[in-house]
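K.L.:
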Amino acid sequence: MQLILDEDQQMIAQTALDFVDEHSPVARFRELRDSGAELGYSADLYREMAGLGWTGIPFDEKVGGAGMGFAELVLIVEALGRKLAPEPFLGGVTMGGSALALGGNEALVSAWLPKVVDGSKVVAFAHQEKNSRYDAYAIATRAEATEGGYRLTGEKVQVLDAVGADAVIVPARVAGESGDRDGITLFLVESGASGLSVTRQTRVDHRNAAIVSLDGVEVTGASVLGIEGQGADLIDAVLDRAICVLTAEMLGGMSEAFDLTVEYLKTREQFGVKIGSFQGLQHRAAEVFCEIELARSCVMAAARALDAGAPDATKLVSLAKAKCSDAYLLAANEGVQIFAGVGMTDEYDIGFYLKRARAAELTFGDSAFHRNRWAELGAY
Amino acid sequence: MSDLEAFRAEARAWLDENAPDGVRGMKADELNGVWGGKRCEFEHPDQKVWLERMGAKGWTAPTWPAEYGGGGLSKEEAKVLSQEMKALDLPPALIGFGLTMIGPTLLRFGNEDQKQQHLPKIIRGEIRWCQGYSEPGAGSDLASLQTKAERDGDEFIINGTKVWTSYADQADWIFALVRNDNSGIKQEGITFILIDMDDPGVKVSPILLISGKSPFCETHFTDVRVPVENVIHEIGAGWTVAKALLGHERTMIADTFGSSSGGTRKPGERSFLSTLAVERVGERDGKISDPVIRDDVARMEMETKAFGLTTQRTADAAKAGHQPGPESSMFKLYGTELNKTRMELMVRILGPDALGWEGDGFDEFALDTTRDWLRSRGNSIEGGTSEVQLNVIAKRVLGLPA
Ligand SMILES: Cc1cc2nc3c(=O)[nH]c(=O)nc-3n(C[C@H](O)[C@H](O)[C@H](O)COP(=O)(O)OP(=O)(O)OC[C@H]3O[C@@H](n4cnc5c(N)ncnc54)[C@H](O)[C@@H]3O)c2cc1C
Ligand SMILES: Cc1cc2nc3c(=O)[nH]c(=O)nc-3n(C[C@H](O)[C@H](O)[C@H](O)COP(=O)(O)OP(=O)(O)OC[C@H]3O[C@@H](n4cnc5c(N)ncnc54)[C@H](O)[C@@H]3O)c2cc1C
Numbered sequence: 006m007q008l009i010l011d012e013d014q015q016m017i018a019q020t021a022l023d024f025v026d027e028h029s030p031v032a033r034f035r036e037l038r039d040s041g042a043e044l045g046y047s048a049d050l051y052r053e054m055a056g057l058g059w060t061g062i063p064f065d066e067k068v069g070g071a072g073m074g075f076a077e078l079v080l081i082v083e084a085l086g087r088k089l090a091p092e093p094f095l096g097g098v099t100m101g102g103s104a105l106a107l108g109g110n111e112a113l114v115s116a117w118l119p120k121v122v123d124g125s126k127v128v129a130f131a132h133q134e135k136n137s138r139y140d141a142y143a144i145a146t147r148a149e150a151t152e153g154g155y156r157l158t159g160e161k162v163q164v165l166d167a168v169g170a171d172a173v174i175v176p177a178r179v180a181g182e183s184g185d186r187d188g189i190t191l192f193l194v195e196s197g198a199s200g201l202s203v204t205r206q207t208r209v210d211h212r213n214a215a216i217v218s219l220d221g222v223e224v225t226g227a228s229v230l231g232i233e234g235q236g237a238d239l240i241d242a243v244l245d246r247a248i249c250v251l252t253a254e255m256l257g258g259m260s261e262a263f264d265l266t267v268e269y270l271k272t273r274e275q276f277g278v279k280i281g282s283f284q285g286l287q288h289r290a291a292e293v294f295c296e297i298e299l300a301r302s303c304v305m306a307a308a309r310a311l312d313a314g315a316p317d318a319t320k321l322v323s324l325a326k327a328k329c330s331d332a333y334l335l336a337a338n339e340g341v342q343i344f345a346g347v348g349m350t351d352e353y354d355i356g357f358y359l360k361r362a363r364a365a366e367l368t369f370g371d372s373a374f375h376r377n378r379w380a381e382l383g384a385y
Numbered sequence: 066m067s068d069l070e071a072f073r074a075e076a077r078a079w080l081d082e083n084a085p086d087g088v089r090g091m092k093a094d095e096l097n098g099v100w101g102g103k104r105c106e107f108e109h110p111d112q113k114v115w116l117e118r119m120g121a122k123g124w125t126a127p128t129w130p131a132e133y134g135g136g137g138l139s140k141e142e143a144k145v146l147s148q149e150m151k152a153l154d155l156p157p158a159l160i161g162f163g164l165t166m167i168g169p170t171l172l173r174f175g176n177e178d179q180k181q182q183h184l185p186k187i188i189r190g191e192i193r194w195c196q197g198y199s200e201p202g203a204g205s206d207l208a209s210l211q212t213k214a215e216r217d218g219d220e221f222i223i224n225g226t227k228v229w230t231s232y233a234d235q236a237d238w239i240f241a242l243v244r245n246d247n248s249g250i251k252q253e254g255i256t257f258i259l260i261d262m263d264d265p266g267v268k269v270s271p272i273l274l275i276s277g278k279s280p281f282c283e284t285h286f287t288d289v290r291v292p293v294e295n296v297i298h299e300i301g302a303g304w305t306v307a308k309a310l311l312g313h314e315r316t317m318i319a320d321t322f323g324s325s326s327g328g329t330r331k332p333g334e335r336s337f338l339s340t341l342a343v344e345r346v347g348e349r350d351g352k353i354s355d356p357v358i359r360d361d362v363a364r365m366e367m368e369t370k371a372f373g374l375t376t377q378r379t380a381d382a383a384k385a386g387h388q389p390g391p392e393s394s395m396f397k398l399y400g401t402e403l404n405k406t407r408m409e410l411m412v413r414i415l416g417p418d419a420l421g422w423e424g425d426g427f428d429e430f431a432l433d434t435t436r437d438w439l440r441s442r443g444n445s446i447e448g449g450t451s452e453v454q455l456n457v458i459a460k461r462v463l464g465l466p467a
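Protein sequence lines, in the order shown, are assigned to chains A and B.
Each number in my numbering comes from the position in the first sequence (counting from 1) with 5 added on.
Each number in my numbering comes from the position in the second sequence (counting from 1) with 65 added on.
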């Protein structure tokens, strides 16, 4: 495993940074928030990104993808994370897309994946329920067998990128109790299905998230992804990919928050000097720098391990999430402290990073959760 | 078979044939390794045989040019050699400042005579070196050093005192920073010079460390006469050499802690640290029974892995032609802080068993760990303190104002 970017990857990263700089400054995110945009992102800009091939990066050429991997996708998402671009790369491309690619039958794949890849449709993935915290098997939603298929009843919360989505992939229980690893099946439910309702939630980070209620939603057997009753395997695989992509976004966010802070250290004057000359602040900045460097190595390693199907991929994903959770929070907390009074104002962008850092930390498990997972994988 | 694989087979065969049984499985670190030199005492006679054979082959300094007695290997070959040594559970035949600090400095700054004179002896472990940088008034602020060097014909006459000279009492030579001129800014007028410790004007008095081992010394110079040929680089331009050598020192210190983490373990296999914790703390339902220790063990392993990946990333970038810069301070800082945390965790895992100093009722592993813990407190001081590394990062990497 080489932890450097090859020439193609350097180009992807640079193109993404340039595009995001030009088309998606943080001011755009602010505008989306202030206008209360229902989607929370821009459908037009998303299609433009898809036009650049970004949404197809990790998918097979057969479905119109680029046949590359997470090592490349994370470069795009890191750039998006820098400017808090809220387009649905996590919930849609990564979670919905991966679930289809890994678990979809031929009909589902050919009906949906090319459209996920060309950006014309968004498929969300509803892994969380109320009180499930980080237990992906804490699923109470039920799937009862009917004559033609299944009837789904239950409620999913904070479903990422589900507002405006064309379909939602829903894990539901065909057997067992909430918390059991066995007895979970994944279904693709199209928007507009009778009994399905999607309610926008307003989170601290203002990203697209929703309550997805299923009140006796009827689906056919053809909508099943993966193996009936063994959906946990598919959830695990999807979540590992999602965590990896999220850490890339976090890496971008912490890098930008830190750059803003360093810039402020070099310009703000107090006591007749630049505040960046105070050693108390210099040392803290240097510490943040080190943490970001370590986080970057972990994200690169996790993405490459997933692409290679390496046996330690899951451990490296946990490592990346733990490091990024801590490092992003550190960068954002120190940022607000160093911006001091103005850092607390809505007018300054640093606060956005603080909120996103916390939201990202509490998505898919915080650092303590992932240390526990690391220990479990290490048999202790 | 690629050349590298051919080399691997050849190296393994040679090692297997030439490594005496007595050294297999031996540890080599600051407290246990063979440092060489005229006063060298071997714990085991096989260590001497091992040093002679490896030294003759140049494999104590695998990448140094063969013309000076080095191994003449490429970096890739040297890596293979070290992998094969690990596979056969063989320690390095020689450790010390000759190999890690003054050797690389001579290769870069020494003239041909100096290289011919010293490098082969370093490689064969015939001379042991110590580092004369710090003084009572010059620690972090190294450039304020005052040890005086006065020119007298073809010689310098040296007077002054160095402190914290690790192992000066066992060294044959010292590489020292001395001041030949006081007129300019403090970084000017410093000369990097090699001094024979056998000179009657050199006196060494040991300082006892809190760990009891690892002898520090004060080194006093009274009218010590040193030929001008012993100056490395140019008279008065020693600061350049000093900084380069500090770079080697920091890299060496960081490597010591970063390299242990790169190895991949099979998933589901317990690590050294977790095994230790299970044994010493106890196990419940297959987990370390103290959840706080368990979390700390995981944290330690993860930090170590993250650090190892970062040193690897830098090494990969260097191979691709990217010159490493002042960010190497990060490795010194992080590696040493990490090692201190590791030693503290080990002590906490051992619990009251870690309270032994020597003697009855304490096992050797626990006794070693306690001493290592005490010694590790110096990691973030030697070679430039953590605070100084943070300054370097803030100013030279982040460009923050002075
Ligand atoms: C919630 C809130 C309520 C407030 N209420 C009031 C109020 O009612 N009335 C009022 O008058 N003010 C109020 N303030 C303002 C508050 O007193 C100032 O924000 C505070 O004194 C810091 O000044 P500053 O924001 O200009 O930061 P700066 O002085 O610009 O500091 C920027 C950064 O540099 C650091 N720094 C500055 N100087 C040094 C130094 N010498 N050494 C090391 N680090 C240094 C700071 O710690 C900070 O991290 C309030 C602020 C907040 C956040
Ligand atoms: C185990 C060990 C082995 C050593 N081996 C050798 C050796 O072989 N040869 C040799 O020459 N020296 C050796 N040293 C000495 C070592 O290089 C010095 O101890 C070190 O550079 C610090 O200097 P000092 O002890 O004088 O501390 P001081 O410089 O007096 O520092 C005191 C405190 O102030 C802080 N400080 C100082 N300047 C700054 C600043 N600008 N900003 C912020 N904080 C600052 C320091 O970080 C420290 O916490 C060794 C030290 C140790 C611990």
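We put the CB at the ideal spot given by N, CA and C, even for glycine.
#1: Residues of chain B with a CB under 9 Å from the CB of G281(A): which are they?
#2: Beta carbon of G101(A), beta carbon of A170(A): below 9 Å?
#3: Any C-beta of chain A within less than 7 Å: which residues of the segment 371-401 of chain B qualify?
#4: Given that a residue counts as buried once 16 or more other Cβ atoms are within 10 Å of its Cβ, and exposed if not, what is I192(B)?
#5: Beta-carbon within less than 8 Å of I297(B)'s beta-carbon, same chain only, minus the 5 sequence neighbours each way: which residues are those?
#6: Could you compute how far the alpha carbon of L299(A) sits from the alpha carbon of T316(B)?
#7: Rounded to whole angstroms, what is the Cα-Cα separation between A172(A) and N456(B)?
#8: Any residue with its Cβ nearer than 7 Å to a heavy atom of ligand 1 should be included. What is that list in chain order?
#9: Listed from N- to C-terminal order along the chain, which residues in the segment 350-361 of chain B have their beta-carbon within a distance smaller than 8 Å of any beta-carbon of chain A?
#10: Using a Cβ cut-off of 7 Å, which residues of the segment 6-36 of chain A contact any Cβ in chain B, in chain order?
#11: Any beta carbon of chain A sitting closer than 9 Å to that of Q148(B)?
#12: Can you give me the C-alpha to C-alpha distance between N213(A) and R335(B), rounded to a whole angstrom?
#13: Is the beta carbon of S205(B) closer than 9 Å to that of E423(B)?
#14: Are there any heavy atoms of ligand 2 lying less than 8 Å away from the beta-carbon of F281(B), as far as the coordinates show?
#15: Classify T225(A) as buried or exposed, calling it buried when 16 or more other Cβ atoms lie within 10 Å of its own Cβ.
#16: Would you list the residues sitting across from I272(B) in a DSSP beta bridge?
#17: Do you know whose CA, among V68(A), A380(A), A362(A) and L165(A), lies nearest W117(A)'s CA?
#18: I'd like the span of the alpha helix (DSSP H) that includes E254(A), first residue to last.
#19: Can you tell which of H28(A), L22(A), F34(A) and V25(A) has its C-alpha closest to the C-alpha of G356(A)?
#20: Going along the chain, which residues of the segment 150-183 of chain B sit with their C-beta nearer than 8 Å to a C-beta in chain A?
#21: Contact criterion: CB-CB distance below 9 Å. Does M100(A) meet it with respect to chain B?
#22: Looking at Y399(B) and ligand 2, is the gap between the Cβ and the nearest heavy atom below 8 Å?
#23: Using only the heavy atoms of ligand 2, determine whether one of them is closer than 8 Å to the beta carbon of A467(B).
#24: Measure the C-alpha to C-alpha separation of S67(B) and L153(B) and round it to an integer number of angstroms.
#25: Shortest alpha-carbon distance to E392(B) belongs to which of R407(B), N404(B), T376(B) and G386(B)?
#26: Look up S47(A) in the DSSP assignment and say whether it is helix, strand or coil.
#27: So does W229(B) have its beta carbon nearer than 8 Å to some heavy atom of ligand 2?
#28: So, helix, strand or coil for Y198(B), using DSSP?
#29: Counting pairs of Cβ atoms below 8 Å between the segment 333-348 of chain B and the segment 358-365 of chain B, do you hit three or more?
#30: Does any heavy atom of ligand 2 sit closer than 8 Å to the C-beta of D351(A)?
#31: Rounding to the nearest angstrom, what Cα-Cα distance links T329(B) and R378(B) in this structure?
#32: Are the segment 340-359 of chain B and the segment 366-373 of chain A touching by the rule of at least three beta carbon pairs closer than 8 Å?
#33: Give every residue of the same chain whose Cβ lies closer than 6 Å to the Cβ of P127(B), excluding the five residues on either side of it in the sequence, and list them in chain order.
#34: Ligand 3 heavy atoms versus the CB of R461(B): any closer than 8 Å?
#35: Where does the unbroken beta strand (DSSP E) through V304(A) begin, and where does it stop?
#36: Which value, in whole angstroms, describes the spacing of the CA atoms of L274(B) and G448(B)?
P.N.:
Answer, in terms of the structure:
#1: As a working note, residue 281(A) is residue 276 in the first sequence. Within chain B, the residues near G281(A) are A459, L463, G464, L465 and P466.
#2: As a position in the first sequence, residue 101(A) is number 96, starting the count at 1. As a position in the first sequence, residue 170(A) is number 165, starting the count at 1. Cβ atoms of G101(A) and A170(A): closer than 9 Å.
#3: A371, F372, L374, T375, Q377, R378, D381, A382, A385, M395, L398 and Y399
#4: Working through the second sequence from its first residue, we reach residue 192(B) at position 127. That one is buried.
#5: As a first step, residue 297(B) must be located in the second sequence, where it is residue number 232. Cβ within range, chain order: T170, L171, F174, G175, Q179, F240, F257, I258, L259, G303 and V306.
#6: The count along the first sequence starts at 1 and reaches residue 299(A) at position 294. The count along the second sequence starts at 1 and reaches residue 316(B) at position 251. Those two C-alpha atoms are separated by around 17 Å.
#7: As a first step, residue 172(A) is located in the first sequence; it is residue number 167 there, counting from the start. As a first step, residue 456(B) is located in the second sequence; it is residue number 391 there, counting from the start. So the alpha carbons of these two residues sit roughly 53 Å apart.
#8: R273(A), Q275(A), F276(A), I280(A), F283(A), G285(A), L286(A), Q342(A), I343(A), F344(A), A345(A), G346(A), V347(A) and M349(A)
#9: G351, K352, I353, R359 and D360
#10: Listed in sequence order: Q7, L8 and I9.
#11: Counted from its first residue, the second sequence places residue 148(B) at position 83. Q148(B) does not count as touching chain A.
#12: Mapped onto the first sequence, residue 213(A) falls at position 208. Mapped onto the second sequence, residue 335(B) falls at position 270. Roughly 41 Å between the two C-alpha positions.
#13: Working through the second sequence from its first residue, we reach residue 423(B) at position 358. Working through the second sequence from its first residue, we reach residue 205(B) at position 140. No, the pair does not count as a contact, with Cβ atoms beyond the cut-off.
#14: Here residue 281(B) refers to the residue found at position 216 when the second sequence is read from its first residue. Yes, Cβ of F281(B) sits closer than 8 Å to a heavy atom of ligand 2.
#15: Walking along the first sequence from the start, residue 225(A) turns up at place 220. Looking at its Cβ environment, which holds fewer than 16 other Cβ atoms inside 10 Å, T225(A) is exposed.
#16: Taking the first residue of the second sequence as 1, we reach residue 272(B) at position 207. For I272(B), which the question treats as bridged, DSSP gives the partners F281(B).
#17: As a working mapping, residue 117(A) is identified with position 112 in the first sequence. For the residues V68(A), A380(A), A362(A) and L165(A), the minimum Cα distance to W117(A) belongs to V68(A).
#18: The residue you call residue 254(A) lines up with position 249 of the first sequence. Unbroken alpha helix (DSSP H) run through E254(A): G236 to T272.
#19: As a working mapping, residue 356(A) is identified with position 351 in the first sequence. Checked all of H28(A), L22(A), F34(A) and V25(A); the closest Cα to G356(A) is F34(A).
#20: none
#21: Your numbering for residue 100(A) matches position 95 in the first sequence. Chain B, which has no Cβ nearer than 9 Å to the Cβ of M100(A), makes this no.
#22: Position 334 of the second sequence holds residue 399(B). It does not: the Cβ of Y399(B) is nowhere closer than 8 Å to a heavy atom of ligand 2.
#23: What you label residue 467(B) is simply residue 402 of the second sequence in a count that begins at 1. No; taking the cut-off as 8 Å, the Cβ of A467(B) has no heavy atom of ligand 2 nearer than that.
#24: Within the second sequence, numbered from 1, the residue matching residue 67(B) stands at position 2. Within the second sequence, numbered from 1, the residue matching residue 153(B) stands at position 88. Near 22 Å, if we compare the C-alpha coordinates of L153(B) and S67(B).
#25: In the second sequence, the residue the question calls residue 392(B) occupies position 327. Cα-wise, what sits closest to E392(B) is T376(B).
#26: Position 42 of the first sequence, counted from the start, is the residue given in the question as residue 47(A). Residue state, collapsed to three classes: coil.
#27: Here residue 229(B) refers to the residue found at position 164 of the second sequence. Result yes, Cβ under 8 Å from ligand 2.
#28: Against the second sequence, residue 198(B) aligns to sequence position 133. Collapsing the DSSP output to three states places Y198(B) in coil.
#29: Remark: three or more beta-carbon pairs, one from each stretch, lie closer than 8 Å, so the segment 333-348 of chain B and the segment 358-365 of chain B are flagged as touching.
#30: To locate residue 351(A), count along the first sequence from 1; it is residue 346. No, Cβ of D351(A) sits at least 8 Å from all heavy atoms of ligand 2.
#31: By 1-based counting over the second sequence, the position of residue 329(B) is 264. By 1-based counting over the second sequence, the position of residue 378(B) is 313. Low per-residue confidence applies at T329(B): pLDDT is 46, beneath 50, and the placement is therefore not dependable, though the value from the model is reported in the following sentence. Taking the straight line joining both Cα atoms gives about 16 Å.
#32: no
#33: Counting from one through the second sequence, the residue named residue 127(B) turns up at place 62. The answer, listed in chain order, is G136, L138, A143 and L146.
#34: Inclusion of ligand 3 in the displayed structure is not the case, the ligand content consisting of ligand 1 and ligand 2 alone.
#35: As a working note, residue 304(A) is residue 299 in the first sequence. From DSSP, V304(A) is part of no beta strand (DSSP E) but of the alpha helix (DSSP H) over Q284 to A313.
#36: Looking up residue 274(B) in the second sequence gives position 209. Looking up residue 448(B) in the second sequence gives position 383. Rounded to whole angstroms, L274(B) to G448(B) spans 17 Å at the Cα level.
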